[in-house]
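Residue numbers (my numbering), protein chains in the order written: chain A, 75 to 334; chain B, 305 to 571. Beta carbons are placed, not taken as given, at the ideal position from N, Cα and C, and that holds for glycine. All of these numbers come straight from a predicted model, not from anything done at the bench.
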Amino acid sequence: MNVLQIILITLIATLKKIDQKGPQIFLYNTVFWGVLAGLVMGDVTTGLTIGATFQLMSLGVAAIGGTSVPDYQIGAIIAIAIAVSTGKGVEAGIAVGLPVAMLAVQLDVLGNIIHGVFIRKAQQYAKEQKWSSFNLMYILCIVVTGLTTGLPTFLAVAFGDVLVTTIINAMPVWFTSGLSLAGKILPVVGFAVLLRYMPVKQNIEYLLIGFVFSAYLNVPVLGVAIVGAALAFKLYKDENKSLVLGAAGAVGQGEQYDDE
Amino acid sequence: MTNNQNKGVLTNKDLNRVGRRWFMSVETFNYETQLAGSAAFAMLPALRKIYKDNEEFLEALDNHFKYFNCQPWLSNLIWGATLALEDNEGLNAKDTVQDLKVSLMGPLSGIGDSIFFILIPTILGSISAYMAQEGSPIGMLAWCVYGIAIAFVRIKAVTWGYQGGLKIVNEFGKQLSVFTNAISVMGLTVVGALIPSLVKVTTPLKFTMGEVSQELQTILDTIMPALIPALFTFVAYKLLGKKVKLTWLILIVIVFSWICAAFGILA
């Protein structure tokens with residue numbers, strides 16, 4: 075890895091976190107960040123492949139209400155840099171990227187604690203009408219947010235190259251193949267989280283319809299999505315109709331009652 | 305609330321500015337007041353325009369440093385509504401502003417988190433990962449277009465919140481429950497399809513009885529295709545229901561995978 079690549083990978087990792095916490099335009103779009111890292115490393119295909127692997131692991135894992143969750147995008151960025159620069163392939167990349175993704179939780183918590191200090195200061199500066207200091211506190215918050223991912227990524231890709239190769243060579247097979255198996259199973263966690271947020275108990279039939287279309291009939295996901303959209307549209311129309319009818323029915327019943 | 309009753313001074317330009325400054329959203333997240341720092345930052349220019357008196361302005365700004373936490377995208381509706389109040393009522397509305405924020409952030413977060421942070425990213429993420437595995441960036445690019453388009457809608461949402469004040473947020477809630485129910489049907493159908501198509505876990509175990517060897521996976525497939533993925537999803541769903549924390553569940557999966565890989569139980 076050359077110096078320019080190290081700088082650019084660090085920059086991508088920094089911007090990733092700043093976007094995730096602020097504008098949220100490329101939020102959870104792991105493949106997008108993977109492709110950016112792939113472009114820097116000159117291997118877009120690996121970027122797509124590893125991006126997809128981490129995307130699947132990250133399904134359903136969202137930092138809701140300010141919780142700290144594993145940072146799979148950073149995992150992907152580091153994994154791509156390591157996989158391409160060491161030439162040891164996808165598994166080696168994941169073996170380094172996934173632990174960093176898990177450790178990112180700790181740094182995120184630390185960052186949030188530091189934000190507290192800056193925001194208390196900002197409130198004070200607002201009272202004292204020191205507006206440039208007030209704005210500075212917000213800039214510092216953004217800098218800290220960026221550092222929580224920029225710093226570990228820099229350490230992993232700048233000094234990790236040789237170290238990482240040694241570690242990977244020392245890793246037992248069950249360790250690396252276990253991690254790629256985990257990558258295959260983790261989407262299940264995402265679906266479970268998603269299902270916890272959805273009315274599974276009332277609407278289990280739709281889950282089964284989707285499963286049958288895909289598992290037994292091998293309809294591609296987009297095809298099943300169209301079936302789902304049709305079912306959703308039907309339900310939407312029916313519910314709107316019953317809202318109107320329900321209101322009319324209530325009036326009708328009321329009149330009948332009056333007649334009696 | 306019709307527009308001619310509006311005594312306010314804020315223009316759409318001011319409201320868009322609030323929307324853009326709210327891109328600060330979670331950047332300042334802290335454990336005491338959560339998103340309040342960003343709220344004050346977003347409101348600042350609008351409040352300065354509303355309150356001619358400097359002391360009043362400082363008091364109103366300080367008010368926004370009180371605890372706030374809501375799904376950031378739908379928060380824009382709240383900002384519009386509270387600004388409409390402050391623009392018309394001034395500091396008389398100070399307590400109402402805080403009450404309004406607190407009462408709306410729960411329901412809006414419930415809807416916003418499940419749709420915008422869980423449902424849509426899971427479905428778009430599955431599709432873009434599915435396509436990326438085959439070497440195509442189309443899914444990912446479509447997601448980028450969605451992200452950029454939504455960013456403009458989010459800025460615009462401040463104006464919607466302002467125009468309708470409380471009314472729009474309340475009515476939005478009623479219509480949204482029908483809409484949310486319909487979208488969840490589509491979501492469930494898609495998730496049903498995603499489990500067998502994205503989770504490709506199989507077992508390499510074989511039974512050998514004398515000279516006959518039988519692969520376990522073949523037997524499982526005759527019972528039901530994608531039996532293992534379906535079973536795992538069910539177990540994970542149940543564990544989450546038993547209040548097992550997400551990070552723990554992820555760690556359990558990793559350790560479980562190491563054991564299964566070491567003994568060749570799953571691949």
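Taking Cβ positions, are residue i and residue j nearer each other than 8 Å?
i	j	result
residue 551 of chain B	residue 134 of chain A	no
residue 103 of chain A	residue 447 of chain B	yes
residue 96 of chain A	residue 327 of chain B	yes
residue 105 of chain A	residue 129 of chain A	yes
residue 431 of chain B	residue 285 of chain A	no
residue 168 of chain A	residue 111 of chain A	no
residue 306 of chain A	residue 223 of chain A	no
residue 273 of chain B	residue 193 of chain A	There is simply no residue 273 of chain B to check, as chain B begins at 305 and stops at 571 in what is shown.
residue 544 of chain B	residue 267 of chain A	yes
residue 441 of chain B	residue 122 of chain A	yes
residue 196 of chain A	residue 144 of chain A	no
residue 395 of chain B	residue 363 of chain B	yes
residue 489 of chain B	residue 296 of chain A	no
residue 94 of chain A	residue 85 of chain A	no
residue 520 of chain B	residue 531 of chain B	no
residue 491 of chain B	residue 272 of chain A	yes
Helix or strand or just coil, what does DSSP make of residue i?
i	result
residue 546 of chain B	coil
residue 334 of chain B	strand
residue 513 of chain B	strand
residue 375 of chain B	coil
residue 390 of chain B	helix
residue 129 of chain A	helix
residue 518 of chain B	strand
residue 75 of chain A	coil
residue 312 of chain B	coil
residue 120 of chain A	helix
residue 102 of chain A	coil
residue 95 of chain A	helix
residue 500 of chain B	helix
residue 488 of chain B	helix
residue 80 of chain A	helix
residue 567 of chain B	coil
residue 292 of chain A	coil
residue 312 of chain A	helix
residue 323 of chain A	Residue placement at residue 323 of chain A is flagged as unreliable, the pLDDT there being 47, under the threshold of 50; the coordinate-derived value follows with that caveat. Three-state DSSP puts residue 323 of chain A in a helix.
residue 528 of chain B	coil
residue 134 of chain A	coil
residue 318 of chain B	helix
Relative to the C-alpha of residue i, which candidate in the options has its C-alpha closest?
i	options	result
residue 571 of chain B	B:521, B:542 and B:508	B:508
residue 403 of chain B	B:371, B:451, B:355 and B:378	B:371
residue 339 of chain B	B:465, B:374 and B:454	B:374
residue 209 of chain A	B:359, B:345 and B:357	B:345
residue 180 of chain A	A:115, A:142 and A:85	A:142
residue 147 of chain A	A:132, A:159 and A:138	A:132
residue 227 of chain A	A:119, A:172 and A:162	A:172
residue 554 of chain B	A:259, A:80, A:91 and A:314	A:259
residue 290 of chain A	B:417, B:545, B:520 and B:526	B:526
residue 462 of chain B	B:315, B:366, B:350 and B:380	B:380
residue 383 of chain B	B:353, B:347, B:413 and B:397	B:347
residue 302 of chain A	B:359, B:485, B:437 and B:387	B:485
residue 321 of chain B	B:459, B:397 and B:529	B:459
residue 360 of chain B	B:444, B:391, B:522 and B:452	B:391
residue 325 of chain B	B:443, B:497 and B:456	B:456
residue 449 of chain B	B:369, B:428 and B:433	B:428
residue 234 of chain A	A:248, A:314 and A:155	A:155
residue 378 of chain B	B:368, B:490 and B:421	B:421
residue 329 of chain B	B:356, B:351, B:376 and B:454	B:376
residue 127 of chain A	A:217, A:304 and A:107	A:107
Uninterrupted beta strand (DSSP E) stretches inside the segment 340-373 of chain B (no shorter than 3 residues): none
Whole runs of the alpha helix (DSSP H) within the segment 155-215 of chain A, excluding any shorter than 4 residues: 163-201
Residues from the segment 381-411 of chain B in contact with chain A, defined by Cβ distance under 9 Å: none
Residues of the segment 236-265 of chain A whose Cβ lies closer than 9 Å to any Cβ of chain B, in chain order: For the segment 236-265 of chain A, which is checked against every Cβ of chain B, the residues closer than 9 Å are 246, 247, 248, 249, 250, 251, 252, 253, 254, 255, 256, 257, 258, 259, 260, 261, 262, 263, 264 and 265.
Cβ-based contacts, 9 Å cut-off: residues of the segment 111-122 of chain A near chain B: Here the close residues are 118, 119, 121 and 122.
Where the segment 332-352 of chain B meets chain A: residues whose CB sits under 9 Å from a CB there: 332, 333, 334, 335, 336, 337, 338, 339, 340, 341, 342, 344, 345 and 348
Start-end ranges of the alpha helix (DSSP H) lying completely within the segment 213-289 of chain A, minimum 4 residues: Those alpha helix (DSSP H) runs which fall completely within the segment 213-289 of chain A and span 4+ residues are 234-244, 247-270 and 278-285.
Near-chain A residues of the segment 508-525 of chain B - C-beta to any C-beta below 9 Å: none
Entirely enclosed alpha helix (DSSP H) segments - the segment 372-458 of chain B, minimum 4 residues: Taken in chain order, the whole alpha helix (DSSP H) runs of length 4 or more contained in the segment 372-458 of chain B are 376-393, 398-416 and 424-437.
Positions along the segment 310-330 of chain B whose CB lies within less than 9 Å of some CB in chain A: Using a CB distance below 9 Å, the part of the segment 310-330 of chain B facing chain A consists of 327, 328, 329 and 330, ordered along the chain.
Under 7 Å (Cβ pairs) to chain B, residues found in the segment 204-232 of chain A: 212, 215, 216 and 219
Chain B contacts from the segment 77-91 of chain A (Cβ-Cβ distance under 9 Å): Only those residues of the segment 77-91 of chain A whose C-beta falls short of 9 Å from the nearest C-beta of chain B would be listed, and there are none.
Cβ-based contacts, 8 Å cut-off: residues of the segment 142-163 of chain A near chain B: 143 and 144
Interfacial residues, the segment 171-186 of chain A to chain B, with Cβ spacing under 7 Å: 179 and 186
Under 9 Å (Cβ pairs) to chain A, residues found in the segment 541-555 of chain B: Result list: 541, 542, 543, 544, 545, 550, 551, 553, 554 and 555.
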